[in-house]
Amino acid sequence: APDYHFGLEDGEGVRELFDCD
Amino acid sequence: PPQTPVRAVMNTIQQLMMILNTASDQPSENLISYFNNCTVNPKESILKRVETIGCIFKEKFAETVGQGCIEIGSQRYKLGVRLYYRVMESMLKSEEERLSIQNFSKLLNDNTFHTSLLASAVEIVMATYGRSGSQNNGAGTDFPWILNVLDLKAFDFYKVIESFIKAEASLTREMIKHLERCEHRIMESLAWQSDSPLFDLIKQSKEREGPADHPEPTST
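Heads up: the sequence lines are chains A and B, in that order. Residue numbers for the first sequence follow my numbering, beginning at 143 and rising by one. Residue numbers for the second sequence follow my numbering, beginning at 38 and rising by one.
Next up, the structure:
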């Protein structure tokens, strides 16, 4: 099976994903 | 770090088990210093949440798997909390490098973030250690059981998956595959259930875009 696909772009992390930036 | 064959071979379940078996049940000093750097120190709310969710989890685990498995539920949760603190610290380190900031007050005081991160950690522990002592009746706690127990929306759980995999270098290939299956299941169905926050986000982004400037002429 293929490896995990890391899809988040550079400017994206948990801070942005949870609107805490 | 991206998944590599070497990482996959090196990382065994024993490695994470050894790490978790020796880890502390409390936040590390590093993690405490991140809490102290916050405008609003989140430590008390984090400890309270871990305790509250622990009671709910153990009760539901016993209800689902059997009262004889109360101790197993307690052990699973304990290891999950250790992994939760470990991954949180690792995430904050990489966010600190990425953003060159040390005050994560808003994030560390965000209930959804913590609940999602804790749910992922407990899910990984259950998937790794097995969901019950005996092989037969653990199935009831398969994903997405943890979401219902923690009253967590699948879409919010989905938000931490990639960052969790990036932050925890000792995850085995199988554990990563398990999280990936959860991710796919969320994308394919769970995130589209009627109460999903996804629909509000779609609506908001539509409102931000505004009406189309020049709607295409209707073809005859």
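Where a beta carbon is used, it is the ideal one built from N, C-alpha and C, also for glycine.
Between the options, which has its C-alpha nearest residue i's C-alpha?
i      : options                        : result
A:H147 : B:Q104, B:S131, B:S200         : B:S200
B:L145 : B:P79, B:L84, B:A206, B:S137   : B:P79
B:L68  : B:L116, B:Q139, B:C92, B:N58   : B:Q139
B:A191 : B:R222, B:G167, B:C106         : B:R222
B:R86  : B:F180, B:Y122, B:T209, B:S207 : B:Y122
A:G153 : B:E134, B:T152, B:Y166, B:C219 : B:E134
B:D232 : B:I198, B:L189, B:E211         : B:L189
B:V197 : B:D147, B:V186, B:K95, B:Y166  : B:D147
B:N185 : B:C75, B:E217, B:T76, B:K97    : B:K97
Evaluate residue i with the Cβ neighbour count: other Cβ atoms within 10 Å of its Cβ, from every protein chain shown; 16 or more gives buried, anything less gives exposed.
i      : result
B:L193 : In the sequence under discussion, the amino acid at residue 193 of chain B is Asp, which differs from the Leu named in the question. When all chains shown are included, B:D193 counts as buried.
B:M163 : buried
B:E160 : buried
B:T325 : Outside the modelled stretch of chain B, which goes from 38 to 257, sits residue 325 of chain B, for which no answer is possible.
B:G110 : buried
B:G117 : buried
B:N173 : The pLDDT assigned to B:N173 is 48, lower than 50, so where the model puts this residue is not dependable, and the model offers no usable value.
B:S157 : buried
B:S61  : exposed
B:L218 : The displayed chain sequence assigns Arg, not Leu, to residue 218 of chain B. The residue in question, B:R218, is exposed, as its Cβ has fewer than 16 Cβ neighbours within 10 Å.
How would you write the range of the alpha helix (DSSP H) that residue i sits in, first residue to last?
i      : result
A:Y146 : Run containing A:Y146: none; DSSP gives neither H nor E here.
B:S137 : No alpha helix (DSSP H) holds B:S137; DSSP gives it neither H nor E.
B:V77  : Where B:V77 is concerned, there is no enclosing alpha helix (DSSP H), given that its DSSP letter is neither H nor E.
B:K214 : 210–225
B:Q241 : 235–246
B:Q63  : It is not in any alpha helix (DSSP H) - B:Q63 carries neither H nor E in the DSSP assignment.
A:E158 : 156–159
Quick check on residue i: does DSSP put it in helix, strand or coil?
i      : result
B:D193 : helix
B:N146 : coil
B:E160 : helix
B:G103 : coil
B:E96  : helix
B:G117 : helix
B:T255 : coil
B:L187 : coil
B:Q52  : helix
B:Q112 : helix
B:F201 : helix
B:A228 : helix
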